[in-house]
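Following: one structure in structure tokens, then a few remarks.
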Amino acid sequence: MPSLLELDLTPTYFDPVYIWSDVAVPCTLSCLLQLAGGCVLGVGIWTLASKHWHISLLSTVTYSVAAGVLVFAGCLALIGAVTGCLSVWRENRCLLLVYTFLLLLIFLLEAMVGILSYVYQEQVYKELELNLNTTFSKSYSVDADKTTAIDQMQTQFKCCGAIRFEDWEYSQWYKNLKTSSNNKVPDTCCKSVAPGCGRRDHPSNIHYSGCIYRLSEEIEDHLTILGAVGLGICVLQIFGMVFSCCLYIKLKDNKLILHKQKIH
Numbered sequence: 080m081p082s083l084l085e086l087d088l089t090p091t092y093f094d095p096v097y098i099w100s101d102v103a104v105p106c107t108l109s110c111l112l113q114l115a116g117g118c119v120l121g122v123g124i125w126t127l128a129s130k131h132w133h134i135s136l137l138s139t140v141t142y143s144v145a146a147g148v149l150v151f152a153g154c155l156a157l158i159g160a161v162t163g164c165l166s167v168w169r170e171n172r173c174l175l176l177v178y179t180f181l182l183l184l185i186f187l188l189e190a191m192v193g194i195l196s197y198v199y200q201e202q203v204y205k206e207l208e209l210n211l212n213t214t215f216s217k218s219y220s221v222d223a224d225k226t227t228a229i230d231q232m233q234t235q236f237k238c239c240g241a242i243r244f245e246d247w248e249y250s251q252w253y254k255n256l257k258t259s260s261n262n263k264v265p266d267t268c269c270k271s272v273a274p275g276c277g278r279r280d281h282p283s284n285i286h287y288s289g290c291i292y293r294l295s296e297e298i299e300d301h302l303t304i305l306g307a308v309g310l311g312i313c314v315l316q317i318f319g320m321v322f323s324c325c326l327y328i329k330l331k332d333n334k335l336i337l338h339k340q341k342i343h
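The number in this note's numbering is simply the position in the sequence shown, starting from 1, with 79 added.
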């Protein structure tokens with residue numbers, strides 16, 4: 080009577096149980112991780128592409144770093160998903176270890192983005208309060224990128240100046256312009272933007288509220304999205320790591336059984 084170790088306990092490739100438990104489930108999980116990676120990559124690219132003018136007005140790189148790390152993590156997730164499927168189909172433990180390492184790295188990166196986003200969220204307004212007025216007064220009409228960013232912000236948020244519209248009176252732009260123009264504020268402060276409309280600073284003509292309030296609110300809301308994506312999807316990486324470890328142990332046990340069969 081053969082012992083249990085002498086029996087061929089390795090699954091058959093045509094066994095429905097084997098196909099479901101050892102192929103379908105891991106590949107399905109890898110596809111989910113690939114979708115999650117695509118989501119992370121998309122959010123990161125969207126941040127860098129559509130919010131780039133926010134970034135140019137901030138004095139720290141935390142916001143852009145968080146978005147950049149998400150892009151990197153998303154690319155790793157796409158590579159990891161392919162590696163995971165290959166490791167399952169080939170029953171290759173080395174590839175499975177690479178896959179597990181990638182999942183761990185992605186988990187750490189996404190967790191870092193999540194934590195960083197929520198911590199920085201509390202500091203955004205203070206940072207803008209300290210630096211935004213200086214950016215307005217010294218960089219407008221001097222730095223082309225920041226000038227474009229300020230104009231875009233004033234138009235989009237329907238605001239004028241950093242804290243209030245009177246901020247423009249003390250700006251380098253106003254000092255350089257008052258000899259050649261009667262503008263009190265840039266034309267982008269106007270409710271209906273037109274060349275020279277900034278000459279009248281009446282409330283019926285220009286926006287009176289400063290941009291700091293809307294900008295800080297916009298950045299804080301977007302940091303919430305970055306944090307939720309980072310922390311939410313990193314939970315999926317935990318399931319992936321647990322499953323890949325279990326599969327690694329199973330493949331190792333199967334190899335051990337085959338080795339003992341050959342000995343006997």
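All residues carry an ideal CB built from backbone N, CA and C; glycine is no exception.
Values in this document were obtained by computation on a predicted structure and should not be read as measured data.
- Beyond the five residues adjoining it in sequence on each side, LEU155 comes within less than 7 Å, by CB distance, of LEU181, LEU184 and ILE185 in the same chain, given in chain order.
- Nearest to LEU188 by alpha-carbon distance, out of VAL314, VAL321, ILE328 and GLY309, is GLY309.
- Each residue's CA atom was taken as its position, placing ILE285 and LYS130 some 25 Å apart.
- Of the candidates TYR142, GLN235, THR179 and VAL321, the residue whose Cα lies closest to the Cα of ILE194 is TYR142.
- CYS269 has ILE285 as its beta-bridge partners, per DSSP.
- Within the same chain, and ignoring the five residues on either side of TYR253 in sequence, the residues whose Cβ sits closer than 6 Å to its Cβ are TRP247.
- GLY275 is classed as exposed because its beta carbon has fewer than 16 other beta carbons within 10 Å across all chains shown.
- At the C-beta level, ALA190 and LEU315 stay beyond 8 Å of one another.
- When LEU211, SER220 and CYS268 are compared, the shortest CA-CA separation from ASN255 is found for SER220.
- Beta bridge pairing from DSSP links ARG243 with SER288.
- Beyond the five residues adjoining it in sequence on each side, GLY319 comes within less than 7 Å, by CB distance, of LEU108, LEU112 and LEU182 in the same chain, given in chain order.
- Counting only the Cα atoms, CYS324 lies some 7 Å from THR179.
- Comparing alpha-carbon positions, the option among ARG279, SER166, LYS205 and ARG169 lying closest to TYR292 turns out to be LYS205.
- The criterion of a C-beta distance shorter than 8 Å is not satisfied by VAL122 and LEU165.
- Nearest to CYS313 by C-alpha distance, out of GLY147, ASN171, VAL192 and CYS290, is VAL192.
- LEU175 and LEU207 have their C-alpha atoms roughly 46 Å apart.
- In terms of CA proximity to LEU294, ALA228 leads the group ALA228, LEU157 and ALA145.
- In the DSSP assignment, VAL144 falls within the alpha helix (DSSP H) that extends over 141-169.
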